[in-house]
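Residue numbers (my numbering): 234 to 339.
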């Protein structure tokens, strides 16, 4: 009985690791598109083309992201903002954005 529970837990853990790996690929694609945007000015179009491609849809799905048009628009907006993913995911950037929103509301 415990063997099947252990196997299920192991498989779930492996699935979570795979999902994180594919999420890292999505972050790398975003960083590449941001770099293209700064260099050539076509970053949002690049990420949209990738996200709509067969490979892009497969990677997004494996990362746990539904590859619909709303997601593509969100990716394009993120690239247009020009903030690197490492900066956007940092605590300092999150706190700065929160403070700016609170100052805006007041």
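Cβ atoms here follow ideal geometry from the backbone N, Cα and C, with glycine treated the same way.
Given a cut-off of 8 Å on the beta-carbon distance, is the pair residue 307 and residue 270 in contact? no
Among residues of its own chain, excluding the 5 on either side of residue 280, which ones have a beta-carbon nearer than 7 Å to its beta-carbon? 262, 263, 266, 308, 309 and 312
Under the assumption that residue 304 contacts residue 284 (Cβ atoms under 8 Å), give the Cβ distance between them as a whole number of angstroms. 7 Å
Does any residue of chain C bring its CB to less than 8 Å from the CB of residue 311? Absent from the structure is chain C; it holds one protein chain and no more.
Go through the stretch 274-333 residue by residue and report every complete run of the alpha helix (DSSP H) that reaches 4 residues or more, in order. 276-285, 287-295, 302-314 and 318-321
How many whole angstroms separate the CB atoms of residue 300 and residue 290, which I take to be in contact at a CB cut-off of 8 Å? 4 Å
According to DSSP, is residue 234 helix, strand or coil? Residue placement at residue 234 is poorly supported in this model, since its pLDDT is 47, which falls under 50; the coordinates still yield a value, given next. The answer is coil: DSSP assigns residue 234 none of H, G, I, E or B.
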